[in-house]
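Residue numbers (the numbering used here): 934 to 1055. We put the CB at the ideal spot given by N, CA and C, even for glycine.
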């Protein structure tokens, strides 16, 4: 099982890079509709993880940009909605960034704080 905080501290020492296939990276940069999202420079507000196991592990981190905009950095194992195809018959660890309104961020936080798993506000 992964120690999420230990991984985050060691992974953040690396320079932020775009995600490449087959790489599990806790830092992600993405441009969506002309807006830049960077999990390395935005403030982490809260994090949810299920700690079920490598194949079904989910980690979602709510971030807030300097301008107040929220986004969710989502990561998950092959058997989750975040898993990505890695060939014809294989899926691997995947991740994505999802912009959120303030209302969506509040709803996510409410739902995740009541879910089974680990929830932490920063």
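Give the DSSP bridge partners of residue i, in chain order.
i	result
residue 965	968
residue 959	Per DSSP, none; premise fails for residue 959.
residue 1029	1007
Quick check on this structure: which residue in the options has the alpha carbon closest to the alpha carbon of residue i?
i	options	result
residue 969	977, 987 and 1004	1004
residue 1048	971, 980 and 974	980
residue 961	993, 1006 and 998	1006
residue 965	1052, 1032, 985 and 959	1032
residue 1002	1036, 1014 and 1027	1036
residue 1050	974, 977, 982 and 978	982
Does residue i pass the burial test, meaning 16 or more other C-beta atoms within 10 Å, or should it be called exposed?
i	result
residue 1055	exposed
residue 967	exposed
residue 1034	exposed
residue 1016	buried
Beta-carbon separation of residue i and residue j under 9 Å?
i	j	result
residue 1029	residue 996	no
residue 1039	residue 1010	no
residue 993	residue 984	no
Segment contact, 8 Å Cβ cut-off, at least three pairs: the region 1038 to 1051 with the region 1009 to 1026: The region 1038 to 1051 vs the region 1009 to 1026: no contact.
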